[in-house]
Structures are given as C-alpha cells and as structure tokens.
Amino acid sequence: MAGEARMEDYLALLKPSVMQLVVFTAIVGLVVAPGGINPFIGIIAIACIAIGAGASGALNMWYDADIDAIMSRTQNRPIPAGRMAKEEALVFGLVLSVFSVALLGLATNWVAAGLLAFTIFFYAVIYTVWLKRSTPQNIVIGGAAGAFPPVVGWAAVTGTVSFESVVLFLIIFLWTPPHFWALALYKQSDYGAAGVPMMPNVVGNASTKLQIFVYTLLLAASAMLPTWFGFAGWIYTAVAVVTGASFVLLAWRLLRTDEDVAMRKAARTLFNYSLSYLFIVFFAFMTDNLLTRFGSFA
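In the numbering used here, the protein residues as written are 1 to 298.
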C-alpha cells in the first residue's frame with residue numbers, strides 16, 4: 001500500500017527538470033511571435049503550457065511505474081518508491097490536462113489549446129503507451145511531443161502555425177535523438193533490465209553512435225534555417241554556428257571512441273552538453289529577434 005503523498009511528491013510527478021526546457025522554449029515561441037500579447041494573458045498561456053507538460057509527466061509516471069521501479073535513475077519517483085498510489089497520479093494527470101487545455105483555450109485561442117491537447121496526448125499515449133516499449137525509434141517519433149511547446153506559444157499569440165514556429169519545432173525534434181541516445185549509451189543496462197528497446201540495446205553501440213552523429217549533423221543544419229530564411233540576424237547565426245560545431249565535434253569524438261569506459265565518458269559529455277545547447281540556441285534566437293524588433297540594429 002502506498003504511503004501518504006507529500007506536496008513534493010506531486011511536484012516530482014510534474015518532472016520539473018523537463019518542464020524547465022518546455023517552459024523556456026514556449027516562452028521563446030510566444031515572445032518572438034508577431035503581434036504581441038497582453039503580458040497577463042501571456043503569463044497565463046505559459047502557465048497552461050507548463051501545467052500541460054506537468055500533466056504529461058504525471059501520466060507518464062502512472063503508466064511507467066513498473067519499469068521506473070527497475071531503473072536506478074527512476075526508482076525514487078513517488079510511485080515506485082511507494083509514496084503514492086498509481087491511481088492518484090492518473091487522476092492528478094487527467095485533471096491537470098483538462099484544466100490546462102480549457103484555460104489556454106479560454107485565455108488565448110482554441111488553436112493553441114488544441115495543440116496543447118495534442119501534445120499531451122502524443123506524449124502520454126503515442127509515446128509512453130505505444131512507442132516507448134515497442135520500437136527503438138521511440139525517441140525519434142516521440143520527440144515530437146517535446147518539440148511542440150514553441151509552436152503552442154506562437155499559436156497562443158497568433159492563432160496560427162507558421163513556418164517560423166515549425167522551424168523551432170524541427171530544431172528540438174532533431175535534437176532529441178542525440179540527446180537521449182547519448183544518455184542511453186551510458187545507461188543501457190538500466191533500459192535493458194526494464195525491457196525498454198532503446199537504440200543501443202537493439203542495434204548496438206556502433207550503429208547508435210553513427211546515428212547520433214548523423215542526427216547531430218541534421219540538427220546543426222536545421223539550426224541555420226532561421227538565418228537562411230531571413231528571420232534571424234548575426235547574433236543568432238554566430239551562436240548557432242559555434243554551438244552546432246561544438247555539438248558535431250562531440251558527436252564525432254563519440255563516434256570515434258570504441259573502448260567501453262571511454263565511450264561512456266564521451267556519451268555522458270555529449271549528453272551534458274546537449275542539456276545546455278537548446279537553452280543557448282533558443283535564448284540567442286529570442287535575443288536576436290527582440291533586438292531587431294526594437295531597432296537596436298539597423
């Protein structure tokens with residue numbers, strides 16, 4: 001029987017470390033969208049996106065409680081640790097899902113609300129229930145869920161989905177495989193014990209490292225799209241070039257490393273770098289757009 005859940009257990013269900021990136025990329029989408037938005041409504045929109053992301057996390061932990069109990073990095077989550085019943089997490093996630101979508105629709109528009117609803121559904125059902133345990137492509141396809149926040153933020157302002165917001169989506173989408181496969185390379189024993197078919201466990205380290213390198217090249221190229229299509233300036237371009245080249249270099253070093261201990265170290269280094277990559281690139285994109293909008297650079 002589960003013990004009495006504490007406030008911090010409900011907070012843990014929201015996956016706050018993941019939510020930080022979701023919220024930040026959503027803010028970027030909202031801030032750079034043309035037309036602007038009332039600051040109070042903007043805060044509500046970001047809060048709804050954050051709550052929706054937290055709801056996805058809660059539903060993910062509800063469904064994955066069995067494998068979370070096996071993997072070392074997830075054993076202390078509220079359900080496998082016995083501090084919360086699965087039913088509590090399910091109800092919590094469903095209530096937050098409905099609340100966040102309804103409030104976003106009422107506060108902004110139903111295009112943004114529909115995108116948020118689809119994001120929650122995609123992560124909780126398409127990725128967690130279907131893809132995660134059935135295919136090594138789980139992260140590739142499932143990564144779409146984490147790529148939607150800037151599109152939702154953009155739609156909250158404009159009521160539309162634009163080419164610019166799709167490019168932001170694409171950058172996150174292509175970032176996801178090298179990010180998670182690097183983690184899987186040095187945590188593959190955990191995934192193997194839990195029966196999750198992550199890429200290294202299915203196709204081996206060599207193929208995974210090659211795919212990481214290919215996706216990193218695609219990511220670095222996609223990060224140049226704002227420059228090539230004229231909706232980012234030199235500040236963003238400089239940052240995208242430097243961070244993209246660094247990402248490619250780390251992926252190349254991982255690709256060329258065969259010895260197990262060194263490979264795991266290189267994978268961890270790449271994973272840690274990837275954590276900051278999106279924050280840096282998206283911050284540069286937002287800064288560049290704001291400076292251009294307010295005429296600081298003629």
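From the three backbone atoms N, C-alpha and C, an ideal C-beta is built for every residue, glycine too.
Reference residue i, options the options, closest by Cα
| i | options | result |
| --- | --- | --- |
| E164 | Q137, W228 and V129 | W228 |
| I41 | I235, T243, V157 and N138 | V157 |
| S72 | F24, A194 and K209 | A194 |
| W252 | I212, I46 and I141 | I212 |
| T269 | L250, V242 and W110 | L250 |
| E259 | N205, S97, L291 and A284 | N205 |
| F282 | P226, A245 and M198 | P226 |
| L21 | R256, D288 and I172 | I172 |
| M263 | A232, K209, G35 and A81 | K209 |
| V214 | L174, V203, V241 and S276 | L174 |
| W110 | T257, V161 and A240 | V161 |
| V239 | P197, V203, A284 and G230 | A284 |
| A89 | A58, F99 and E8 | A58 |
| M198 | S17, T243, T135 and V151 | T135 |
| A117 | A266, L254, C48 and G143 | C48 |
| F99 | R83, A55 and D68 | A55 |
| R83 | P150, D190, V241 and L11 | L11 |
| L278 | W154, A267, V242 and P80 | V242 |
| S17 | A45, G35 and A53 | A53 |
| S97 | L254, G192, P34 and T119 | T119 |
| D68 | A112, V31, A155 and D190 | D190 |
| A232 | V32, E8 and V140 | V32 |
Residue i to residue j span [Cα, whole Å]
| i | j | result |
| --- | --- | --- |
| A85 | V91 | 10 Å |
| I280 | R77 | 29 Å |
| N60 | M286 | 30 Å |
| Y186 | G146 | 22 Å |
| P200 | W181 | 8 Å |
| R6 | G93 | 16 Å |
| Q188 | F247 | 22 Å |
| A223 | T237 | 9 Å |
| E87 | I126 | 20 Å |
| K15 | I51 | 11 Å |
| A184 | A26 | 26 Å |
| F297 | W234 | Any reading at F297 must be qualified, since the residue scores a pLDDT of 44, below 50, and its modelled position is unreliable; the value itself is stated next. Spanning the two alpha carbons is a distance of roughly 10 Å. |
| R293 | V28 | 14 Å |
| G114 | V101 | 7 Å |
| R133 | L290 | 42 Å |
| L275 | H179 | 8 Å |
| M19 | R256 | 33 Å |
| L217 | Y123 | 26 Å |
| F121 | F148 | 12 Å |
| D288 | G230 | 12 Å |
| P177 | I37 | 33 Å |
| A144 | F169 | 8 Å |
| V23 | G244 | 22 Å |
| L106 | P34 | 21 Å |
| T74 | D64 | 10 Å |
Residue environment, residue i, which counts as buried when at least 16 other CB atoms sit within 10 Å
| i | result |
| --- | --- |
| A221 | exposed |
| D66 | exposed |
| T108 | buried |
| W62 | buried |
| W130 | exposed |
| I43 | exposed |
| P39 | exposed |
| V167 | buried |
| T128 | buried |
| N138 | buried |
| L219 | buried |
| N272 | exposed |
| L13 | buried |
| L301 | The structure shown does not extend to residue 301, since the chain spans only 1 to 298, so no value can be given for it. |
| V261 | exposed |
| V95 | exposed |
Closer than 8 Å: residue i CB and nearest the ligand ATP heavy atom
| i | result |
| --- | --- |
| N38 | No copy of the ligand ATP appears in this structure; indeed no ligand is present at all. |
Within-9 Å CB hit, residue i to chain B
| i | result |
| --- | --- |
| F279 | No chain B is present in this structure, which holds just one protein chain. |
* Can you give, in chain order, each stretch of the alpha helix (DSSP H) that sits fully within the region 125 to 170 and has at least 4 residues? -> 138 to 147 and 149 to 158
* Ordered list of alpha helix (DSSP H) runs contained in the region 3 to 77, each at least 4 residues -> 7 to 13, 16 to 32, 39 to 63 and 65 to 68
* Contained alpha helix (DSSP H) runs [length at least 4] in the region 174 to 214, N- to C-terminal order -> 188 to 194 and 199 to 203
* Asked: Which runs of the beta strand (DSSP E) spanning at least 3 residues fall entirely within the region 233 to 261, listed in chain order?
  -> none
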